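**Q** Counting from 1, position 286 in the sequence shown corresponds to residue 322 in the numbering used here; the numbering is continuous, with no gaps.
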Amino acid sequence: MNINTTLQRVACLRSSSTTLTAALLVCASCLCGTSVWAADTTSDSAAATEATSPAAGSPRILVLATGGTIAGTTDPRSAIGYNSGNVKGQELVRAVPGIEKLASINSEQISNVGSQDMNDEIWFRLARRIQEAFDRNEADGIVITHGTDTMEETAFFLQNVVRSDKPVVLVGSMRPGGSTSADGPGNLYEAVEVAASPKSRGRGVMVVMNDQIHAPRWITKTNTTAVQTFASPNAGVIGYVDPASIRFVAPAPVLASTRDVLSLPANGHLPRVEIVYAHSNMDGAQIDHAIADGAKGIVLAGEGDGDASKEALAALDRAAKKGIVVVRSTRVMSGFVNRNVEVEDDKRGFVVSFDLNPQKARLLTQLLVANGITNPGKVQQAFSATF
Ligand code: ASP
Numbered sequence: 037m038n039i040n041t042t043l044q045r046v047a048c049l050r051s052s053s054t055t056l057t058a059a060l061l062v063c064a065s066c067l068c069g070t071s072v073w074a075a076d077t078t079s080d081s082a083a084a085t086e087a088t089s090p091a092a093g094s095p096r097i098l099v100l101a102t103g104g105t106i107a108g109t110t111d112p113r114s115a116i117g118y119n120s121g122n123v124k125g126q127e128l129v130r131a132v133p134g135i136e137k138l139a140s141i142n143s144e145q146i147s148n149v150g151s152q153d154m155n156d157e158i159w160f161r162l163a164r165r166i167q168e169a170f171d172r173n174e175a176d177g178i179v180i181t182h183g184t185d186t187m188e189e190t191a192f193f194l195q196n197v198v199r200s201d202k203p204v205v206l207v208g209s210m211r212p213g214g215s216t217s218a219d220g221p222g223n224l225y226e227a228v229e230v231a232a233s234p235k236s237r238g239r240g241v242m243v244v245m246n247d248q249i250h251a252p253r254w255i256t257k258t259n260t261t262a263v264q265t266f267a268s269p270n271a272g273v274i275g276y277v278d279p280a281s282i283r284f285v286a287p288a289p290v291l292a293s294t295r296d297v298l299s300l301p302a303n304g305h306l307p308r309v310e311i312v313y314a315h316s317n318m319d320g321a322q323i324d325h326a327i328a329d330g331a332k333g334i335v336l337a338g339e340g341d342g343d344a345s346k347e348a349l350a351a352l353d354r355a356a357k358k359g360i361v362v363v364r365s366t367r368v369m370s371g372f373v374n375r376n377v378e379v380e381d382d383k384r385g386f387v388v389s390f391d392l393n394p395q396k397a398r399l400l401t402q403l404l405v406a407n408g409i410t411n412p413g414k415v416q417q418a419f420s421a422t423f
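#1: Less than 7 Å between the beta carbons of A251 and I97, yes or no?
#2: Do the CB positions of G104 and G220 come within less than 7 Å of each other?
#3: Is the beta carbon of S365 less than 7 Å from the beta carbon of A337?
#4: Drop a sphere of 10 angstroms on the beta-carbon of E226, count the other beta-carbons inside from all chains shown, and report buried for 16 or more, exposed for fewer.
#5: What three-state label does DSSP hand E229 in the structure shown?
#6: Would you report the Cα separation of V297 and S281, rounded to the nearest angstrom?
#7: Under the criterion of a Cβ to heavy atom distance below 6 Å, does T366 qualify as lining ligand 1?
#8: Since T261 contacts M210 with CB under 8 Å, what's their CB separation in whole angstroms?
#9: Would a check of beta-carbon distances place G214 closer than 7 Å to chain B?
#10: Indicate, with yes or no, if ligand 1 has a heavy atom lying under 6 Å from the CB of G220.
#11: Since Q248 sits in a beta bridge, which residues does DSSP pair it with?
#12: For I146, I'd like the list of residues in its chain whose CB is within less than 7 Å of its CB, leaving aside the five on either flank, ordered along the chain.
#13: For T216, does the three-state DSSP call read helix, strand or coil?
#14: Go ahead and pull the three-state DSSP assignment for V197.
#15: Are there any heavy atoms of ligand 1 lying less than 6 Å away from the beta-carbon of T109, as far as the coordinates show?
#16: Assuming E144 is part of the beta strand (DSSP E), what are its boundary residues?
#17: Given the structure, does A120 come close to ligand 1, in the sense that its CB is under 6 Å from one of the ligand's heavy atoms?
#18: Measuring only from the beta carbon, is G208 closer than 6 Å to any heavy atom that is part of ligand 1?
#19: Three or more beta-carbon pairs under 8 Å between the stretch 374 to 388 and the stretch 402 to 409, yes or no?
#20: According to DSSP, is K137 part of a helix, a strand, or is it coil?
#21: Report buried or exposed for G121, applying the criterion of at least 16 other Cβ atoms within 10 angstroms of its Cβ.
#22: Roughly how many whole angstroms lie between the Cα atoms of V415 and P287?
#23: Apply the 10 Å Cβ neighbour rule to H325 and answer buried if 16 or more other Cβ atoms are within range, or exposed otherwise.
#24: With burial defined as no fewer than 16 other Cβ atoms inside 10 Å of the residue's Cβ, what is the status of V62: buried or exposed?
#25: If you compare alpha carbons, which of I178, N407 and V273 is closest to N303?
#26: Between T216 and ligand 1, is the CB less than 6 Å from at least one heavy atom?
#27: Less than 6 Å between the CB of S114 and some heavy atom of ligand 1, yes or no?
#28: Less than 6 Å between the CB of T190 and some heavy atom of ligand 1, yes or no?
#29: Quick one: Cα of V368 to Cα of G117, how far?
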């Protein structure tokens with residue numbers, strides 16, 4: 037059995053019984069070697085199946101494709117080598133058996149990059165397109181296909197800048213099309229299922245991966261290669277999904293349509309905020325370099341409860357005295373960074389990140405500075421207000 041056949045059999049197994057006919061059609065096309073999950077394809081003619089029209093009144097889902105391993109293809113350079121961001125979103129959707137029964141789906145390509153290359157320009161385009169689609173009532177829900185490396189950052193960014201209570205679901209995969217047991221088709225099916233469900237109304241931005249639903253504030257990538265890589269260590273998942281059911285186990289957050297969102301800066305760029313990683317024998321050099329480079333904020337990926345050496349803290353004092361926003365986060369995967377425990381935050385003018393990991397603390401600091409919020413008290417308030 038060749039790899040294409042294996043992959044498509046897996047996709048068949050993931051499809052629900054109600055989609056058996058479509059699944060068989062796709063499986064049959066795969067046997068002829070036309071699976072987009074299994075091949076490096078860029079033309080529409082390679083699609084395994086055309087989506088059929090869903091029933092009238094079906095939810096309208098807009099898929100915004102950005103790239104990532106879910107759009108990746110294998111590379112012969114090694115047994116596990118692959119390139120992310122090769123297949124177009126439209127082809128990804130067409131290749132998932134039964135997905136057309138869930139919703140009326142339109143796809144647009146926002147970018148096609150590995151999420152290690154995600155940047156302000158793509159983020160702003162994505163956020164503006166989502167807001168526009170909701171404001172014009174073009175969609176009932178949005179699915180974003182995305183790489184897993186920075187998915188948590190994009191989810192958290194969107195949660196802070198998009199005003200709507202309609203669902204926005206980010207999805208990716210850990211294995212590219214063409215690999216044994218590619219997880220992309222199943223994840224994409226479930227992402228559309230969640231985005232199309234009335235149960236998701238009022239929940240705003242979510243991540244769907246490997247049968248789990250996570251909230252942007254809590255989710256983080258925990259494993260470099262495992263399919264079960266995402267976890268929400270401080271809060272747990274907010275729900276579970278399989279091809280037949282969706283179960284939310286946490287209450288919906290404050291409606292995103294009523295909560296304040298932060299504006300995107302007109303110049304198209306978020307301000308410079310550096311993350312400094314704490315370690316034993318740490319001096320203040322990295323922090324002084326960040327100050328000299330014009331950072332508007334510094335996030336400490338601190339030891340334990342957001343701690344660092346005396347020299348590093350003295351350098352952070354120098355930054356705070358210059359009006360640079362100083363946020364103490366932690367390099368530890370779980371737990372909260374609390375104020376004034378080992379470090380006198382009140383006296384030094386520091387902010388703590390609570391549960392936000394360094395990459396999300398950086399992002400929130402960037403958005404706050406861009407919106408003119410730099411006073412440590414106000415910044416601190418904002419860090420507790422994004423729950
Ligand atoms: N480097 C890839 C990306 O983030 C990894 C993945 O998608 O799983 O785009």
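Beta carbons: idealized from backbone N, C-alpha and C, even for Gly. All figures in this text were calculated on a predicted structure; none of them were measured in a lab.
**A** Reading off the structure:
#1: Mapped onto the sequence shown, residue 251 falls at position 215. Mapped onto the sequence shown, residue 97 falls at position 61. Result no, Cβ atoms of A251 and I97 do not sit closer than 7 Å.
#2: Walking along the sequence shown from the start, residue 104 turns up at place 68. Walking along the sequence shown from the start, residue 220 turns up at place 184. In this structure, G220 does not lie closer than 7 Å to G104 by Cβ.
#3: Within the sequence shown, residue 365 is the residue found at index 329, counting from 1. Within the sequence shown, residue 337 is the residue found at index 301, counting from 1. Here S365 is near A337, since their CB atoms are less than 7 Å apart.
#4: Locating residue 226 in the sequence shown gives position 190, where the first residue counts as 1. By the 16-neighbour rule on beta-carbons within 10 angstroms, E226 is buried.
#5: What you label residue 229 is simply residue 193 of the sequence shown in a count that begins at 1. DSSP, read as helix, strand or coil, puts E229 in helix.
#6: Counting from 1 along the sequence shown, the entry for residue 297 is found at position 261. Counting from 1 along the sequence shown, the entry for residue 281 is found at position 245. So the alpha carbons of these two residues sit roughly 31 Å apart.
#7: What you label residue 366 is simply residue 330 of the sequence shown in a count that begins at 1. Taking 6 Å as the cut-off, the C-beta of T366 does not count as close to any heavy atom of ligand 1.
#8: Position 225 of the sequence shown, counting from 1, holds the residue named residue 261. Position 174 of the sequence shown, counting from 1, holds the residue named residue 210. With a contact defined as Cβ atoms closer than 8 Å, T261 and M210 qualify at about 7 Å.
#9: Chain labels in this structure do not include chain B; a single protein chain is all it has.
#10: As a position in the sequence shown, residue 220 is number 184, starting the count at 1. Because no heavy atom of ligand 1 lies under 6 Å away, the Cβ of G220 does not count as near it: no.
#11: Looking up residue 248 in the sequence shown gives position 212. Within the DSSP bridge table, the entry for Q248 names M245 and Y276 as partners.
#12: For the purposes of this step, residue 146 is taken as the residue at position 110 of the sequence shown. Around I146: L100, A101, T102, I158, R161, L162 and R165.
#13: The residue you call residue 216 lines up with position 180 of the sequence shown. T216: coil per DSSP, three-state reduction.
#14: As a first step, residue 197 must be located in the sequence shown, where it is residue number 161. In the structure shown, V197 sits in a helix (DSSP, three-state: H, G or I).
#15: On the sequence shown, position 73 is the one that residue 109 refers to. No, the beta carbon of T109 sits no closer than 6 Å to any heavy atom of ligand 1.
#16: The count along the sequence shown starts at 1 and reaches residue 144 at position 108. Looking at the DSSP string, the run of the beta strand (DSSP E) that includes E144 is S140 to V149.
#17: As a first step, residue 120 must be located in the sequence shown, where it is residue number 84. Note that residue 120 is Ser in the sequence shown here, rather than Ala. Yes.
#18: For the purposes of this step, residue 208 is taken as residue 172 along the sequence shown, with counting starting at 1. Within 6 Å of the C-beta of G208 there is at least one heavy atom belonging to ligand 1.
#19: In this structure the stretch 374 to 388 does not touch the stretch 402 to 409; the number of beta carbon pairs closer than 8 Å is below three.
#20: In the sequence shown, counting from the first residue as 1, residue 137 sits at position 101. Here K137 sits in helix by DSSP.
#21: Along the sequence shown, one-based indexing puts residue 121 at 85. Here G121 is buried. Its C-beta has 16 or more other C-beta atoms within 10 Å.
#22: In the sequence shown, residue 415 corresponds to position 379, counting from 1. In the sequence shown, residue 287 corresponds to position 251, counting from 1. Taking the straight line joining both Cα atoms gives about 26 Å.
#23: As a working mapping, residue 325 is identified with position 289 in the sequence shown. With fewer than 16 Cβ atoms within 10 Å of its Cβ, H325 is classed as exposed.
#24: Indexing the sequence shown from 1 puts residue 62 at position 26. Its pLDDT being 34, under 50, V62 is placed unreliably in this model, and the value from its coordinates should be taken loosely. Answer is buried; the Cβ neighbour count reaches 16.
#25: On the sequence shown, residue 303 is found 267 positions in, with the first residue counted as 1. Of the listed residues, the one whose Cα sits closest to N303 is N407.
#26: Position 180 of the sequence shown holds residue 216. No; taking the cut-off as 6 Å, the Cβ of T216 has no heavy atom of ligand 1 nearer than that.
#27: Stepping through the sequence shown from its first residue, residue 114 is reached at position 78. Short note on S114: C-beta not closer than 6 Å to any heavy atom of ligand 1.
#28: Position 154 of the sequence shown, counted from the start, is the residue given in the question as residue 190. Not one heavy atom of ligand 1 falls within 6 Å of the beta-carbon of T190.
#29: Numbered from 1 along the sequence shown, position 332 holds the residue referred to as residue 368. Numbered from 1 along the sequence shown, position 81 holds the residue referred to as residue 117. If you take the alpha carbons of V368 and G117, they lie about 30 Å apart.
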